[in-house]
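**Student:** So that you can map any letter, position 22 of the sequence shown is 22 in our numbering, and since no number is skipped, the others follow by simple counting. A single structure is presented below for examination.
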Amino acid sequence: MRMNNKSARLVANKWLLDNGLEPISPEASYTEFATELRKKTTKTVLLVPFTKRPDAVSYVRAFSRCVLP
C-alpha cells in the first residue's frame with residue numbers, strides 16, 4: 001500500500017496515542033518528527049538525529065506500514 005507523508009505521520013501519531021505515548025507535534029519538520037519517533041519507539045539503538053528529509057520520510061513511512069493492522 002502506498003502511503004503519503006501526511007498519512008504516515010497520522011498513523012504514527014495514532015499508534016503513539018494507542019500505546020500511551022505523547023503524540024508528536026504536527027508542526028515538526030520531517031527530520032524532527034522522524035527523530036522524535038525513533039526516540040519514543042527505540043530504546044537500545046544509538047540515536048543520531050535525521051539530517052536529510054528523504055531519510056526521515058522513508059523512516060516514518062516504513063514505521064507506519066509496520067504498525068498498520
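Built from N, CA and C at the ideal position, the CB exists for glycine as well.
When burial is assigned at 16 or more other CB atoms within 10 Å of the CB, is L47 buried or exposed?
**Tutor:** Looking at its Cβ environment, which holds fewer than 16 other Cβ atoms inside 10 Å, L47 is exposed.
**Student:** Between Y30 and the rest of its own chain, which residues show a CB-CB distance below 6 Å, the 5 nearest in sequence each way excluded?
**Tutor:** Closer than 6 Å at Cβ, skipping near neighbours: R53, A56 and V57.
**Student:** The alpha helix (DSSP H) with L47 in it runs from where to where?
**Tutor:** No alpha helix (DSSP H) holds L47; DSSP gives it neither H nor E.
**Student:** Would you give the residue range spanned by the alpha helix (DSSP H) that S7 belongs to?
**Tutor:** Note, S7: alpha helix (DSSP H), N5 to D18.
**Student:** Leaving out the 5 sequence neighbours to the left and right, which residues in its chain are closer than 6 Å to L16 when beta-carbon positions are compared?
**Tutor:** Same-chain partners within the cutoff: P23.
**Student:** With a 10 Å radius around its C-beta and 16 neighbouring C-beta atoms as the bar for buried, classify R2 as buried or exposed.
**Tutor:** Exposed, because fewer than 16 other Cβ atoms sit within 10 Å of the Cβ of R2.
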